[in-house]
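Student: Respectively, the protein sequence lines represent chains R and Z.
Taking the numbering used here, I'd label the letters of the first sequence as residues 1 to 464.
Taking the numbering used here, I'd label the letters of the second sequence as residues 1 to 87.
Where a beta carbon is used, it is the ideal one built from N, C-alpha and C, also for glycine.
Okay, handing you the structure first.
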Amino acid sequence: MRNAATYIRRELMIRLVRAFDQGTLSQEIDHIPLKLRPKGGESSRCCIYHDRAVLKYRLMALLGLCVEDEEDEAKPLKEYLAERLGGSGKSDKARAEPLSVCGPACSGCPDAKVVSTPNCRGCFARPCVYNCPKKAISIVDGRSLIDQSLCVKCGKCITVCPYHAIVKTTVPCEEACPVGAIRKNEHGVAEIDFSKCIFCGKCFAACPFAAVMERSQILDVLMAMKNGEKLVAMIAPAAEKQFPGKIEQLLSACAKAGFGDVMEVALGAEMTTEHETAEFIERMEKDPKTFMTTSCCPAWVNLATKHLPALLKHVSDTPSPMVYARDIAKAKDPGAKTVFIGPCVAKRSEALRKDVDYVLSFEELGAILAGRGVDVIACEPWPLPRPANPTARNYAHSCGVTEAVLAEATTKIPGFKLNSQQINGIDRKTCAMIKVHATGKTGVNFLEVMACPGGCQNGPCSLA
Amino acid sequence: MQKVQVEICCGTACYLLGASQMMDLEDALPEELKGRVEILPRTCLGLCERENIGQAPFVRFGNGEVMSDASREKVLEKIRQLAEENP
């Protein structure tokens, strides 16, 4: 457990699954916020009433609904649920834009600025004053004072102060967003600009008030299972070490929890490796100075599409492991529905484009397992026809794709050399690095881009 | 010398709600407690039923005492106390 925000989100999910299975969700759902924040109990915000209101919106997000689209505040959750169970009530927007900011949960953090704290001793040397390139710092009443109209937040004063007296306050979501897609609106509440958002999920993970919410598909999955549809759980390679036990045990757990079939997405990763390597060799043959980037990270593909369109031609055309996994699942059983299960927010947007029926996060899968009393370590390993190649299983680690492609290319062309680099996490700085690589000046011809530092294993919805 | 028994519930609910952070408890033991504690990961102890879910993760000690809302720090403190009581 990293913090109270993840705790409450997971607790709500488990409660939802349990009540759904017992057929009592409709009676219970409006009572959940009251049970979690009872009269006279402790509150996490100003009061229990505020907490309860936010819990209601969290439950709405779990129902997959757009919180912003709420028209009638008096409408109980029960009615939203009834609409969803009846097959309506969910807009297309909910799938296309899987993140939403819950206004009442947003704290409206004060604008980022560099400020002097009472730790300032008004020292004689005054390095802050002398090193400020904008001459924004003066000493007033024996303490440093930063003129905000002049400050450019370069942070030089922070580094030079021997008392650590100068700090930078931040708006965590804005700071985390690599593309400036989340900003406070005129009411001081954060808002996502979906024309810019790449769904990397960094704001979702960063907000200390947990105001950024994912529109869940957990209810859709539960409903489909109840209707007797065959769902194939496609487990992303990042699942390794997310749950106790081995990945084969996790696959068994999924089968036990109601999935009609299970498979590792790493099988799709094998195909991505094969095709991406062939594509790279072909591009090299056409142009020895070629530059290609990986394509399996959907947040990176979104970034290229929305912000760096000139680089799109460098992005590999090879489909992601999820897409190949879908093909494998559909070839085995065309009538089955596919559920990608991973640590990624952006996969939700990719799934919509690539006809993958549902996406669950590891948290949501965990809630289904927990709600149904399935323990991963108590499960026998799933009898895999064959385990996926270790290089494919390693896709979720930074460098994993590069190593897989290099290994594959070496089998085709002995002594094959790759001038590779990794973008290990997308942020403002690495965005600039990608552009530099694309100019060809760095001599890099294969660039692996992962939106999350360390790779998918550290995705915004990872459990670790 | 009696070993302090610590059963950590690794049921999926407890795991999701914090037991995952206690998996390396063995390594976190201070020198004086090493060899004095028996840490047993368990499948669901059945303590998270219905309304109790908000109190997960659960840890059970050898004396039958159940700790709710367990964390590494709380469990280590309890181990220390139990070890002192049964030197």
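For Gln2(Z) and Asn63(Z), which I take to be in contact (beta-carbon distance under 8 Å), what is that distance rounded to the nearest angstrom?
Tutor: No, Gln2(Z) and Asn63(Z) are not in contact; Cβ-Cβ is about 10 Å, not under 8 Å.
Student: From Gln421(R) to Phe362(R), what does the alpha carbon distance come to, in whole angstroms?
Tutor: Their backbone Cα atoms lie some 29 Å apart in a straight line.
Student: Could you compute how far the alpha carbon of Gln217(R) sits from the alpha carbon of Ala367(R)?
Tutor: Distance between the alpha carbons of Gln217(R) and Ala367(R): 12 Å.
Student: Closer than 8 Å by beta-carbon distance: list the chain R residues that pair up with Gly35(Z), in chain order.
Tutor: In chain order: nothing, as chain R lies at least about 24 Å away.
Student: Using a Cβ-Cβ cut-off of less than 9 Å, give me the residues of the region 51 to 62 of chain Z that come near chain R, in sequence order.
Tutor: Within the region 51 to 62 of chain Z, the qualifying residues are Glu51, Ile53, Gly54, Ala56, Pro57.
Student: Please report the straight-line C-alpha distance between Thr170(R) and Gly180(R), rounded to a whole angstrom.
Tutor: Between Thr170(R) and Gly180(R), the C-alpha separation is close to 14 Å.
Student: Rank Ala19(R), Gly342(R), Lys230(R), Ser252(R) by C-alpha distance to the C-alpha of Glu380(R) and give the top, closest one.
Tutor: Looking at the Cα atoms, Ser252(R) is the closest of the given residues.
Student: What are the complete beta strand (DSSP E) segments, minimum 3 residues, inside the region 327 to 413 of chain R?
Tutor: Taking only runs of at least 3 residues, the beta strand (DSSP E) segments lying wholly in the region 327 to 413 of chain R are 337 to 342, 358 to 361.
Student: I'd like the list of long-range same chain contacts for Phe20(R), defined as Cβ closer than 6 Å, with 5 residues on each side in sequence excluded.
Tutor: Cβ neighbours of Phe20(R) beyond the five flanking positions: Leu222.
Student: If you count every other CB in all the chains shown that lies within 10 Å of the CB of Ser43(R), and 16 or more means buried, which is it?
Tutor: Flag for Ser43(R) reads exposed.
Student: Just tell me which of Gly373(R), Val444(R), Ile48(R) has its CA closest to the CA of Gln22(R).
Tutor: Comparing Cα-Cα distances from Gln22(R) to each of Gly373(R), Val444(R), Ile48(R), the minimum goes to Gly373(R).
Student: Could you tell me whether any Cβ in chain Z is nearer than 7 Å to the Cβ of Asp375(R)?
Tutor: It does; some Cβ of chain Z falls within 7 Å.
Student: Could you round the C-beta distance between Glu175(R) and Ala112(R) to whole angstroms and report it? I think they count as a contact, below 8 Å.
Tutor: Contact holds; Cβ gap of about 7 Å.
Student: Enumerate, from N- to C-terminal direction, the unbroken beta strand (DSSP E) stretches of 3 or more residues contained entirely within the region 79 to 150 of chain R.
Tutor: Qualifying beta strand (DSSP E) stretches, in chain order: 99 to 101, 113 to 116, 137 to 140, 143 to 146.
Student: Cβ closer than 7 Å: which chain R residues qualify as neighbours of Ala13(Z)?
Tutor: Those are Ile14, Ala370, listed as they occur along chain R.
Student: Are any of the Cβ atoms in chain R nearer than 7 Å to that of Cys44(Z)?
Tutor: Yes, Cys44(Z) lies at the interface with chain R (some Cβ there is under 7 Å from its Cβ).
Student: With a threshold of 7 Å between beta carbons, is Pro343(R) in contact with chain Z?
Tutor: No, because no Cβ of chain Z sits closer than 7 Å to the Cβ of Pro343(R).
Student: Would you list the residues sitting across from Met292(R) in a DSSP beta bridge?
Tutor: According to DSSP, which records beta bridges pairwise, Met292(R) is partnered with Phe446(R).
Student: Out of curiosity, what's the CA-to-CA distance linking Ile166(R) and Pro172(R)?
Tutor: Cα to Cα, Ile166(R) sits roughly 18 Å from Pro172(R).
Student: Are the CB atoms of Ser398(R) and Gly459(R) nearer to each other than 7 Å?
Tutor: It is not a contact, given that the beta carbons lie outside the stated cut-off.
Student: Would you report the Cα separation of Ala233(R) and Leu360(R), rounded to the nearest angstrom?
Tutor: Between Ala233(R) and Leu360(R), the C-alpha separation is close to 9 Å.
Student: So with Cβ pairs under 7 Å, would you call Glu11(R) a contact of chain Z?
Tutor: Yes - at least one Cβ of chain Z is within 7 Å of the one on Glu11(R).
Student: Tell whether a beta-carbon distance below 7 Å holds between Ser316(R) and Glu279(R).
Tutor: In contact: Ser316(R) and Glu279(R) (Cβ atoms closer than 7 Å).
Student: Going along the chain, which residues of the region 287 to 315 of chain R sit with their C-beta nearer than 8 Å to a C-beta in chain Z?
Tutor: So nothing in the stretch comes that close.
Student: State the Cα-Cα distance for the pair Arg386(R) and Gly54(Z), rounded to the nearest angstrom.
Tutor: Cα to Cα, Arg386(R) sits roughly 40 Å from Gly54(Z).
Student: Check each candidate in Arg58(R), Ala136(R), Leu85(R) and name the one with the smallest Cα separation from Pro484(R).
Tutor: Because chain R spans 1 through 464 in this model, residue 484(R) falls outside it and cannot be assessed.
Student: I need the straight-line Cα distance from Cys461(R) to Gly18(Z), nearest angstrom please.
Tutor: Rounded to whole angstroms, Cys461(R) to Gly18(Z) spans 15 Å at the Cα level.
Student: Assuming Leu231(R) is part of the beta strand (DSSP E), what are its boundary residues?
Tutor: From DSSP, the beta strand (DSSP E) with Leu231(R) extends over 231 to 235.
Student: Gln148(R): buried (16+ other C-beta within 10 angstroms of its C-beta) or exposed?
Tutor: The residue is exposed, with fewer than 16 neighbouring Cβ atoms inside 10 Å.
Student: Which runs of the alpha helix (DSSP H) at least 4 residues long sit entirely within the region 244 to 296 of chain R? Give them in chain order.
Tutor: With a minimum length of 4 residues, the continuous alpha helix (DSSP H) runs that stay inside the region 244 to 296 of chain R are 247 to 256, 266 to 286.
Student: Smallest Cα separation from Leu352(R): which of Arg95(R), Leu63(R), Cys47(R), Glu83(R)?
Tutor: Ranking the options by Cα distance to Leu352(R), first place goes to Arg95(R).
Student: Output, in sequence order along the chain, the residues in the region 243 to 256 of chain R whose CB is closer than 9 Å to any CB in chain Z.
Tutor: Listed by position along the chain: Phe243, Pro244, Gly245, Ala253.
Student: Determine the burial state of Cys46(R): buried for a count of at least 16 other Cβ atoms within 10 Å of its Cβ, exposed for fewer.
Tutor: With fewer than 16 Cβ atoms within 10 Å of its Cβ, Cys46(R) is classed as exposed.
Student: Can you list, in chain order, the residues of its chain whose CB lies under 6 Å from that of Arg37(R), leaving out five sequence neighbours each side?
Tutor: For Arg37(R), where only same-chain residues beyond five positions count, the Cβ hits under 6 Å are Ile48, Asp51, Arg52.
Student: Could you work out which residues of chain Z lie near Ala210(R), taking near to mean beta carbons separated by less than 9 Å?
Tutor: Result: empty, since nearest Cβ-Cβ is about 15 Å, beyond 9 Å.
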